[in-house]
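Following: one structure in structure tokens, then a few remarks.
Protein chains in written order, with my numbering: chain Y, 1 to 402; chain W, 1 to 402.
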């Protein structure tokens, strides 16, 4: 079986298996059913030999998780943050939560995956001019965590990790050839999956669509400093801002009631009000969805995916929102580009997909053939914990297997 | 050497070489320099054993070329057409020109590549709802030419073929990992190259950006029936239309003179007038370039290429146009996405790149491992000339080696 699956000779595999066994990475799981000859020996990954940490830094929330070597998340901690407070408080908190999660577990941390809500140069793990993360530009997240936990660290854009988490949890999405994963919430971003692999582009920024200019953007100033960005017009903050206007102008009785009581309007309130039949809230939600759908139509024409997955806050939206997005895509995208397109909603909650993806990123990298080669002799991936070593083993611009 | 390059065992290669030799596909080219042992035998492709035809159908021009098996174009014919006249007159003319080119050559036609100015379902070779090709929707170009020339035929979008021609002719572009090739002329389209391979998406329509909605599109009606398409605002026809307005309103003395004499304004006239210092023409050209650049900024943010090649009519534009496009991209795209981005102009004239790409498409496909396997036994690829056979051997959605 292994011989067929791996497509290598029997002796090469036997040697590899024995190396992995002496490193304690795989172990025997008894004998399998014989197909005539000698009963085959079954092997399994020694899942509890090491731990993987996942750190998912979102704009207003931090999730840290600990997983075994198969990527099964064992426990998580979640806490509200403001990413704009900068790396020091956010990473200190992440370190504390990770310490709690590792706690009395005896297995060592073998790999750490980190997601941040901004563009990351994947080769170096550095955030580069991230629009909503003041103070994080080129901050050495990887070096800091690698030194703290004596384990190799990989950093990526949070949307890439959500897509990875989704693909690993949804067998259907995992096998679709060309997937566009779109996270729409406070931030808007996309991840590109090609023949089952995350596509990161030349510098790791592929999919960063939150700040592209959109037709209906007009002169709305975005927090990034540009005019008419997608996020400024169709993101969660825009929905809250426009919802507040509807409340203050009393066009929306439902939102006016929320504002009077809570003194703030959240995107969720607009969705709730629309759901309850408030007409102004419904119209606003409809318009925002159509604006997002218009940009997605451009991306569908350009990339021609066969599956579009909507994740983030929008995944909690009701049928009405999705219908508006679908309608905009089918109306504006090229007929051939939508001929076989499926548009679906993420099956995982945002917090879960991000941290799951972070753990899988770390495991994919630490067990990549090149990295495995590097640390097998030392017996443990802590030998990889110098960032220079880690970096040079990673091809800079090639998509990696997910 | 072959053993190292191909990464297969010596005996497998020896068998393959002998198969190819008996098919007359490769021939001996004497002995190479010895590196100690027996002098190696040199092999070369028997370039003149067969012919490849390239048919490049543009909106207003048809180019047909004949090439040897290495892809070297031996001769071409070029003629003005209107693609909107439909498949019958255009393909009849293509067949006649191909007959002339094949003429008294004795080698058989082994493969035909065809480019059309619209979306093509690559798997079936059918144009699908092509916006500027009335009468061509699902027209069986492949079956018609395959029956006429008794050779296998592959059909693709013309921009993909121009990108392929460019990559094969420009070693620099050929090795860049992530290339976005943009053809801007009467039509606007893009081709996506990923790790040296054309990326066609799920249905073959990837890169079709001519009819995406753009921020400044307003209520301009496109020939495709939608509002505010990129092509309707920043394509060559838009340039001519707006140039005519400048002429009629006498805002542009240079264009008014052209209109008085020639009774029409071509995109080229606007560029010429701008070059000669006509201020209105210069402003128009600047604005059109900035609009195109704005859409390219979105695509650069999304795809994060390391090389953007501008081809088509715009490649003949002077520095001023390119500066405006570059400026728009650097201003709007994410800083990380443009960090290592090179923006260059196509090195091949449009007519040459299209037909070169068509020939290379045909040769890539006919010599793909799967197809080679199919026809080697019969001794000639004419055995592939039934479209059903051809189609099923081609994976529908995977990018192919270029």
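We put the beta carbon where it would ideally sit given N, CA and C, even for glycine. Since this is a predicted model, take the numbers as computed values, not measurements.
*What are the start and end residues of the beta strand (DSSP E) that includes residue 109 (chain W)?*
For the purposes of this step, residue 109 (chain W) is taken as residue 109 along the second chain, with counting starting at 1. According to the DSSP assignment, residue 109 (chain W) belongs to the beta strand (DSSP E) that extends over 109 to 116.
*Test item: CB-CB of residue 165 (chain W) and residue 295 (chain W) under 8 Å*: Locating residue 165 (chain W) in the second chain gives position 165, counting from the first residue. Locating residue 295 (chain W) in the second chain gives position 295, counting from the first residue. Remark: C-beta atoms of residue 165 (chain W) and residue 295 (chain W) do not approach each other more closely than 8 Å.
*Check each candidate in W:304, W:326 and W:298 and name the one with the smallest Cα separation from residue 310 (chain W).*
Within the second chain, residue 310 (chain W) is the residue found at index 310, counting from 1. Selected option, being the one with the closest Cα: W:326.
_Give the list of continuous alpha helix (DSSP H) stretches no shorter than 4 residues that lie fully inside the region 131 to 159 of chain W._
With a minimum length of 4 residues, the continuous alpha helix (DSSP H) runs that stay inside the region 131 to 159 of chain W are 141 to 149.
_Top-ranked residue by Cα proximity to residue 365 (chain W), from W:198, W:126, W:321 and W:26_ = The count along the second chain starts at 1 and reaches residue 365 (chain W) at position 365. Closest by C-alpha distance to residue 365 (chain W), out of W:198, W:126, W:321 and W:26, is W:198.
*Name the chain Y residues that come within less than 8 Å of residue 205 (chain W), Cβ to Cβ?*
Within the second chain, residue 205 (chain W) is the residue found at index 205, counting from 1. Within 8 Å Cβ-Cβ: 301, 304, 334, 336 and 337.
*So, helix, strand or coil for residue 401 (chain Y), using DSSP?*
Translated into positions along the first chain, residue 401 (chain Y) becomes position 401. At residue 401 (chain Y), the pLDDT of 35 sits below 50, so the modelled position is not reliable; the number obtained from the coordinates is stated separately. If DSSP states are grouped into helix, strand and coil, residue 401 (chain Y) belongs with the strands.
_Please confirm whether residue 187 (chain Y) has its beta-carbon closer than 8 Å to some beta-carbon of chain W._
The residue you call residue 187 (chain Y) lines up with position 187 of the first chain. Under the Cβ distance rule, residue 187 (chain Y) does not count among the residues neighbouring chain W, no pair being separated by less than 8 Å.
*asked:* For the alpha helix (DSSP H) containing residue 321 (chain W), name the first residue and the last one.
replied: Here residue 321 (chain W) refers to the residue found at position 321 when the second chain is read from its first residue. Segment 319 to 332, the alpha helix (DSSP H) holding residue 321 (chain W).
*Using a cut-off of 8 Å between C-beta atoms, extract the partners of residue 155 (chain W) located in chain Y.*
In the second chain, residue 155 (chain W) corresponds to position 155, counting from 1. Ordered by position in chain Y, no residue passes the 8 Å Cβ test against residue 155 (chain W), which lies about 13 Å from the chain.
*Could you say which of W:224, W:124 and W:214 lies nearest to residue 228 (chain Y) if we only look at CA atoms?*
Taking the first residue of the first chain as position 1, residue 228 (chain Y) is located at position 228. Closest option to residue 228 (chain Y), Cα to Cα, is W:214.
*asked:* I'd like the ranges of any beta strand (DSSP E) spanning at least 3 consecutive residues and lying wholly in the region 177 to 251 of chain W.
replied: The qualifying runs are 178 to 184, 188 to 194 and 197 to 199.
*Endpoints, alpha helix (DSSP H) assigned at residue 67 (chain W)*: The residue you call residue 67 (chain W) lines up with position 67 of the second chain. Unbroken run through residue 67 (chain W) is the beta strand (DSSP E), 61 to 67; no alpha helix (DSSP H).
_Counting only Cβ-Cβ distances shorter than 7 Å, please list the residues of the region 344 to 358 of chain Y near chain W, keeping chain order._
Taking a C-beta cut-off of 7 Å against chain W, none of the residues of the region 344 to 358 of chain Y qualify.
*Taking C-beta pairs closer than 9 Å, name the residues in chain Y that residue 129 (chain W) reaches, listed in chain order.*
Here the question's residue 129 (chain W) lines up with position 129 in the second chain. By Cβ distance, chain Y contributes 334, 335 and 336.
*Span separating the alpha-carbon of residue 234 (chain Y) from that of residue 348 (chain Y)*: Walking along the first chain from the start, residue 234 (chain Y) turns up at place 234. Walking along the first chain from the start, residue 348 (chain Y) turns up at place 348. Approximately 22 Å, taken between the alpha carbons.
*Since residue 275 (chain W) is in the beta strand (DSSP E), which residue starts that stretch and which ends it?*
Taking the first residue of the second chain as position 1, residue 275 (chain W) is located at position 275. The continuous stretches of beta strand (DSSP E) do not include residue 275 (chain W), which lies in the alpha helix (DSSP H) extending over residues 267 to 275.
*Apart from the five residues just before and just after residue 26 (chain Y), which ones in its own chain have a Cβ nearer than 8 Å to its Cβ?*
Counted from its first residue, the first chain places residue 26 (chain Y) at position 26. Excluding positions up to five away in sequence, the list reads 17, 20, 43, 44, 45 and 46.
*asked:* Strictly under 8 Å for the Cβ-Cβ distance: is residue 221 (chain Y) near chain W by that measure?
replied: Numbered from its first residue, the first chain carries residue 221 (chain Y) at position 221. So no, residue 221 (chain Y) is outside the interface.
*Kindly indicate which three-state DSSP category residue 312 (chain Y) falls into: helix, strand or coil?*
Locating residue 312 (chain Y) in the first chain gives position 312, where the first residue counts as 1. Helix, per DSSP.
*Please check the pair residue 404 (chain Y) and residue 232 (chain Y), which I expect to be a contact at CB under 8 Å, by giving their CB distance rounded to whole angstroms.*
The structure shown does not extend to residue 404 (chain Y), since chain Y is modelled only from 1 to 402, so the question has no answer here.
*Use the C-beta contact count for residue 221 (chain Y): other C-beta atoms within 10 angstroms, 16 or more gives buried, fewer gives exposed.*
To locate residue 221 (chain Y), count along the first chain from 1; it is residue 221. Here residue 221 (chain Y) is exposed: its Cβ has fewer than 16 other Cβ atoms, across all protein chains shown, within 10 Å.
*Closer than 6 Å by C-beta to residue 360 (chain W): which residues in its own chain qualify, once you throw out the five before and the five after it? Chain order, please.*
Here residue 360 (chain W) is taken as the residue at index 360 of the second chain, counted from 1. For residue 360 (chain W), where only same-chain residues beyond five positions count, the Cβ hits under 6 Å are 71, 164 and 168.
_Cross-strand partners of residue 164 (chain Y) (DSSP beta bridge)_ = Taking the first chain and counting its residues from 1, the one referred to as residue 164 (chain Y) is at position 164. None; residue 164 (chain Y) has no bridge partner.
*According to the neighbour-count rule (16 or more other Cβ atoms, all chains shown, within 10 Å of its Cβ), is residue 175 (chain W) buried or exposed?*
Mapped onto the second chain, residue 175 (chain W) falls at position 175. Classification for residue 175 (chain W): exposed.
*Report the three-state DSSP secondary structure of residue 30 (chain W) (helix, strand or coil).*
Position 30 of the second chain holds residue 30 (chain W). Correct three-state label for residue 30 (chain W): strand.
*From residue 354 (chain W) to residue 108 (chain W), what distance separates their C-alpha atoms?*
Position 354 of the second chain holds residue 354 (chain W). Position 108 of the second chain holds residue 108 (chain W). Spanning the two alpha carbons is a distance of roughly 22 Å.
*By Cβ distance, which residues of its chain are closer than 7 Å to residue 29 (chain W), with the 5 residues on each side in sequence left out?*
Here the question's residue 29 (chain W) lines up with position 29 in the second chain. Around residue 29 (chain W): 42, 43 and 44.
*Just the Cα atoms here: how many angstroms apart are residue 267 (chain W) and residue 186 (chain W)?*
Taking the second chain and counting its residues from 1, the one referred to as residue 267 (chain W) is at position 267. Taking the second chain and counting its residues from 1, the one referred to as residue 186 (chain W) is at position 186. Looking at the two C-alpha atoms, the distance is approximately 8 Å.
*Hey, would you say residue 134 (chain W) sits closer than 8 Å to residue 84 (chain W), going by beta carbons?*
Within the second chain, the letter at position 134 stands for residue 134 (chain W). Within the second chain, the letter at position 84 stands for residue 84 (chain W). Taking 8 Å as the Cβ cut-off, residue 134 (chain W) and residue 84 (chain W) qualify as a contacting pair.
*Of all the options W:254, W:125, W:155 and W:216, which has the alpha carbon lying nearest to the alpha carbon of residue 56 (chain W)?*
Along the second chain, one-based indexing puts residue 56 (chain W) at 56. Selected option, being the one with the closest Cα: W:155.
*Anything in chain W within Cβ reach of residue 135 (chain Y), meaning under 7 Å, just list it in chain order.*
Stepping through the first chain from its first residue, residue 135 (chain Y) is reached at position 135. Against chain W, a Cβ distance below 7 Å from residue 135 (chain Y) picks out nothing, because the smallest value is about 16 Å.
*asked:* Would residue 177 (chain Y) and residue 195 (chain Y) qualify as a contact pair, given that the criterion is a beta-carbon distance under 8 Å?
replied: As a working mapping, residue 177 (chain Y) is identified with position 177 in the first chain. As a working mapping, residue 195 (chain Y) is identified with position 195 in the first chain. Yes, the Cβ-Cβ distance between residue 177 (chain Y) and residue 195 (chain Y) is below 8 Å.
*asked:* Could you give the first and the last residue of the continuous alpha helix (DSSP H) run that contains residue 261 (chain W)?
replied: Start at 1 with the first residue of the second chain, and residue 261 (chain W) comes out as number 261. Counted as a single uninterrupted DSSP element, the alpha helix (DSSP H) harbouring residue 261 (chain W) occupies residues 253 to 262.
*asked:* Between residue 217 (chain W) and chain Y, is any beta-carbon pair separated by less than 8 Å?
replied: Sequence index remark: in the second chain, residue 217 (chain W) carries index 217 (1-based). Interface criterion met: the Cβ of residue 217 (chain W) is under 8 Å from a Cβ in chain Y.
*asked:* I need the straight-line Cα distance from residue 15 (chain Y) to residue 22 (chain Y), nearest angstrom please.
replied: Along the first chain, one-based indexing puts residue 15 (chain Y) at 15. Along the first chain, one-based indexing puts residue 22 (chain Y) at 22. The alpha-carbon of residue 15 (chain Y) is positioned some 11 Å away from that of residue 22 (chain Y).
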